[in-house]
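Visitor: Chains as they are written, first to last, in the UniProt record's numbering: chain A, 1 to 183; chain B, 1 to 499.
The beta carbon of each residue, even a glycine, is placed where N, CA and C say it ideally should be.
1. What three-state label does DSSP hand residue 185/A in the structure shown?
2. Count the other CB atoms, across all protein chains shown, that sit within 10 Å of the CB of residue 105/B; report buried if there are 16 or more and exposed otherwise.
3. Could you tell me the distance, in whole angstroms, from the CA atom of residue 74/B to the CA atom of residue 41/A?
4. Let me see if you follow: with CB-CB separation under 8 Å, is residue 97/A close to chain B or not?
5. 8 Å is my cut-off, CB to CB: does residue 151/B come that close to chain A?
6. Please classify residue 243/B as buried or exposed, where buried requires at least 16 other C-beta atoms within 10 Å of its C-beta.
7. Just to make sure I have the definition right: I need the residues of chain B whose C-beta is within less than 8 Å of the C-beta of residue 68/A. Which are they?
8. Using a Cβ-Cβ distance cut-off of 8 Å, determine whether residue 158/B contacts chain A.
9. Against residue 39/A, what residues of chain B qualify as contacts under a CB-to-CB distance less than 9 Å, listed in chain order?
10. Assign residue 151/B to one of three DSSP states: helix, strand, or coil.
11. Mind checking whether residue 89/A and residue 134/A have CB atoms under 8 Å apart?
12. Helix or strand or just coil, what does DSSP make of residue 231/B?
13. Around the Cβ of residue 177/B, are there at least 16 other Cβ atoms within 10 angstroms (buried) or fewer (exposed)?
14. Contact criterion: CB-CB distance below 8 Å. Does residue 194/B meet it with respect to chain A?
15. Does DSSP put residue 242/B in a helix, in a strand, or in coil?
16. Using 8 Å as the threshold, is the C-beta distance between residue 195/B and residue 127/A below it?
17. Helix, strand or coil for residue 68/A? Go by DSSP, reduced to three states.
18. Going by DSSP in three states, residue 379/B sits in which element: helix, strand or coil?
19. Quick one: residues in its chain with C-beta nearer than 7 Å to the C-beta of residue 173/A, no 5 flanking neighbours on either side, listed in chain order?
20. Counting pairs of Cβ atoms below 8 Å between the region 139 to 149 of chain B and the region 118 to 127 of chain B, do you hit three or more?
21. Would residue 208/B and residue 168/B qualify as a contact pair, given that the criterion is a beta-carbon distance under 8 Å?
22. Looking at the C-beta of residue 126/A, does it have a partner C-beta in chain B at a distance below 8 Å?
23. How many Å lie between residue 213/B and residue 175/B at the Cα?
24. Please return the same chain residues whose Cβ sits closer than 7 Å to the Cβ of residue 506/B, not counting the five positions on each side in sequence.
25. Could you tell me which chain A residues have their CB closer than 7 Å to the CB of residue 46/B, listed as they occur along the chain?
26. Buried or exposed for residue 218/B, going by 16 or more other Cβ atoms inside 10 Å?
27. For residue 236/B, which residues from the same chain have a beta carbon less than 6 Å from its beta carbon, with the 5 sequence-adjacent residues on both sides left out?
28. Under 8 Å between C-beta atoms, does residue 177/A make it to chain B?
29. Of all the CB atoms in chain B, is at least one closer than 8 Å to the CB of residue 129/A?
30. Give a yes or no on whether the minimum CB-CB distance between residue 110/B and chain A is below 8 Å.
31. Report yes or no: is there a C-beta of chain B within less than 8 Å of the C-beta of residue 94/A?
32. Taking the alpha helix (DSSP H) that residue 125/B falls in, what are its first and last residues?
33. Can you tell which of 114/A, 101/A and 70/A has the C-alpha that lies nearest to the C-alpha of residue 159/A?
34. Can you name the residues of chain A whose CB is closer than 8 Å to the CB of residue 162/B?
35. List, in order along the chain, the chain B residues whose C-beta lies closer than 9 Å to that of residue 136/A?
36. Any beta carbon of chain A sitting closer than 8 Å to that of residue 200/B?
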């Protein structure tokens, strides 16, 4: 009879294995915190070496990699041509599994941006994917300037004027735009 | 519409868009009896009642997955690792490391993803495979604990899940013709990838599940049975098996490992046909329960411990006459050699009144005795669990023969909780006034847990595993244990009365 076996089977499972498992995962924790930083550093390198025209982004001066400032140029042949807009990016610690919070710092008159600079864009909300990055967000925002989504406006007046009175729209855009100082 | 109204509506819409229901519980839960699903639906539509009542007959247990939008991905992903563990082949785990690494090419060349996007995620997948391969030969229970822990660590879990999303997304890009007929909206393959596969918390749809199975599970011969629990007609759940097939449409790997997923509209959990292959991390409360049971059911323990062998009272001899019966924590020298085991040494070495269930647990964690016990744990492969319905190994005893064991159970331990032989027809009427005893939902769930992993719950002796124990589901007088605070008092009371 194999009593050793019997008793092993029936003893409380997992006390020691659990301890082992905890030990194994202890070293993991550090790696997790690093992966967001590592990802942002990679994105920074890419933006510096091969940035698309009309967009740029850089971590804020305070050395916090989770906070960036970006600039996009208004596309030609839109009411925003020849204007530049500053944006702030705040990255959560679980980036890229959660989208960054992006705000227009430069005042902008746009159907999908409210007066606090908050943006309504699906890829920054429920359609965010971890395969997007700062550059894809900036390119999307740039194209949003020329092609607003008037079906779900944050600024109802702007949505209405976009269709009805392009000239008045352009006037409002220029009236609201105001270059802001670098921080 | 005035501008004011407009912005109110906008604000409401914005709130609705950002509303997230509060989610509670672990990402990947503990295995529990699928009777719990029947309880959940006991007051639902009759179709659900019938289907869920029939469910436990076919699938004894299930593992709940948090409904955070990733449940389908996580359920299939967890099952992938768990099935690899169940197969117990460390080499296959290493092969999977190689396969996952080589799929990076698919992600880059076909999926169009830059490597910096996925390399950290792939690292979590391959790292877990490696760690499991390393742990499994020595302790597969440690391996399964590690699997569950990693899957409940959001960073690791989400990285692995996202890796699998990217694989599915690359898979559809690899053979769009094969799948695009299943894309219902007019969004095309690219739109489907960006709108349904890649968004972080987007629930898996049927095409997504098919893609995931095709890229992750089929190539290694794993089949997936998806069990649909919905309001379609019938008294049984419908199920659909997705498996590797040869050119003629026959199963390419018949008899191969199969994963069972329970699908309820927009949610996936994992189902198990039999007792899970590996014990889950013990719930401390359950552990305490079991220990208490050992003490409470053997009222003569103190006598045994404190009496030299020659002085055993006669009724104890009758206990010894049960083959395989071992006393619980007597010191080794008091016992005939055949009853000794490393575990008993370990228990006996712990100081103080080790019969106290709590102190036995606590002391084993911080005394030298724990090392003795640990070495036993890690050096032994985990026991194959007896399947429910299969009688224990002690069949030389005719079932139902009268043995004194039952008479040693404490006389009163509250109303009996009936779990195992529960009939589907009893479920809807559980709340009726006719029944003499109505356990609360919570007690009932606890009892259901006992039913599901009963065989592993009896911690020490062969006796505990035999059907002569009334707490064994094969016992004709089956009566699950229930912890009550009074139990703690029992040993001392008895000591006084017998001393």
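Guide: Short version:
1. In this structure chain A extends from 1 to 183, so residue 185/A is not present and cannot be described.
2. Here the question's residue 105/B lines up with position 105 in the second chain. In this structure residue 105/B is exposed. Its beta-carbon is surrounded by fewer than 16 other beta-carbon atoms within 10 angstroms.
3. The residue given as residue 74/B occupies position 74 in the second chain. The residue given as residue 41/A occupies position 41 in the first chain. The C-alpha of residue 41/A is placed about 29 Å away from the C-alpha of residue 74/B.
4. Residue mapping note: residue 97/A aligns to position 97 of the first chain, counting from 1. Residue 97/A counts as touching chain B.
5. Counting from 1 along the second chain, the entry for residue 151/B is found at position 151. Contact of residue 151/B with chain A is not assigned, every C-beta pair being separated by 8 Å or more.
6. Counting from one through the second chain, the residue named residue 243/B turns up at place 243. With 16 or more other Cβ atoms within 10 Å, it is buried.
7. Translated into the one-based positions of the first chain, residue 68/A becomes position 68. By Cβ distance, chain B contributes nothing, its closest Cβ being about 17 Å from residue 68/A, past 8 Å.
8. Locating residue 158/B in the second chain gives position 158, where the first residue counts as 1. Cβ-Cβ to chain A under 8 Å: yes for residue 158/B.
9. Here the question's residue 39/A lines up with position 39 in the first chain. Residues of chain B passing the Cβ test: 116, 117 and 120.
10. Stepping through the second chain from its first residue, residue 151/B is reached at position 151. Helix.
11. Your numbering for residue 89/A matches position 89 in the first chain. Your numbering for residue 134/A matches position 134 in the first chain. Contact flag set, yes.
12. Position 231 of the second chain, counting from 1, holds the residue named residue 231/B. Coil.
13. Stepping through the second chain from its first residue, residue 177/B is reached at position 177. Burial call: exposed.
14. Residue numbering aside, residue 194/B sits at position 194 when the second chain is read from its first letter. Chain A, which has a Cβ nearer than 8 Å to the Cβ of residue 194/B, makes this yes.
15. Translated into positions along the second chain, residue 242/B becomes position 242. If DSSP states are grouped into helix, strand and coil, residue 242/B belongs with the strands.
16. The residue you call residue 195/B lines up with position 195 of the second chain. The residue you call residue 127/A lines up with position 127 of the first chain. Less than 8 Å divides the Cβ of residue 195/B from the Cβ of residue 127/A.
17. Start at 1 with the first residue of the first chain, and residue 68/A comes out as number 68. Assignment of residue 68/A by DSSP, reduced to helix, strand and coil, places it in the strand class.
18. By one-based count along the second chain, residue 379/B stands at place 379. Its pLDDT being 43, under 50, residue 379/B is placed unreliably by the model, and the measurement read from it follows with that caveat. If DSSP states are grouped into helix, strand and coil, residue 379/B belongs with the helices.
19. Residue 173/A sits at position 173 when you count from the first residue of the first chain. 79, 80 and 109, listed in sequence order.
20. They do not touch, by the three-pair rule.
21. As a working mapping, residue 208/B is identified with position 208 in the second chain. As a working mapping, residue 168/B is identified with position 168 in the second chain. Yes, the pair counts as a contact, with Cβ atoms nearer than the cut-off.
22. To locate residue 126/A, count along the first chain from 1; it is residue 126. Yes, because at least one Cβ of chain B sits closer than 8 Å to the Cβ of residue 126/A.
23. In the second chain, residue 213/B corresponds to position 213, counting from 1. In the second chain, residue 175/B corresponds to position 175, counting from 1. Rounded to whole angstroms, residue 213/B to residue 175/B spans 15 Å at the Cα level.
24. Past the edges of chain B, shown from 1 to 499, lies residue 506/B, and the structure says nothing about it.
25. Here residue 46/B refers to the residue found at position 46 of the second chain. Residue 46/B does not reach chain A, its nearest Cβ partner there being about 36 Å away, counting only Cβ pairs nearer than 7 Å.
26. Residue mapping note: residue 218/B aligns to position 218 of the second chain, counting from 1. Per the 10 Å Cβ criterion, buried.
27. Mapped onto the second chain, residue 236/B falls at position 236. Contacts found: 54.
28. The sequence position of residue 177/A within the first chain is 177, counting from 1. Closer than 8 Å: no.
29. In the first chain, residue 129/A corresponds to position 129, counting from 1. Chain B, which has a Cβ nearer than 8 Å to the Cβ of residue 129/A, makes this yes.
30. Taking the second chain and counting its residues from 1, the one referred to as residue 110/B is at position 110. Cβ-Cβ to chain A under 8 Å: no for residue 110/B.
31. Here residue 94/A is taken as the residue at index 94 of the first chain, counted from 1. By this cut-off, residue 94/A is an interface position.
32. Position 125 of the second chain, counted from the first residue, corresponds to residue 125/B. It spans 115 to 135 - the alpha helix (DSSP H) in which residue 125/B sits, taken as one unbroken run.
33. Stepping through the first chain from its first residue, residue 159/A is reached at position 159. When only C-alpha atoms are compared, the closest one is 114/A.
34. By 1-based counting over the second chain, the position of residue 162/B is 162. Those within 8 Å of residue 162/B in chain A are 97 and 130.
35. The sequence position of residue 136/A within the first chain is 136, counting from 1. Those do not exist, as residue 136/A stays about 10 Å from chain B at its closest Cβ, beyond 9 Å.
36. Here residue 200/B refers to the residue found at position 200 of the second chain. Residue 200/B has a beta carbon lying within less than 8 Å of a beta carbon in chain A.
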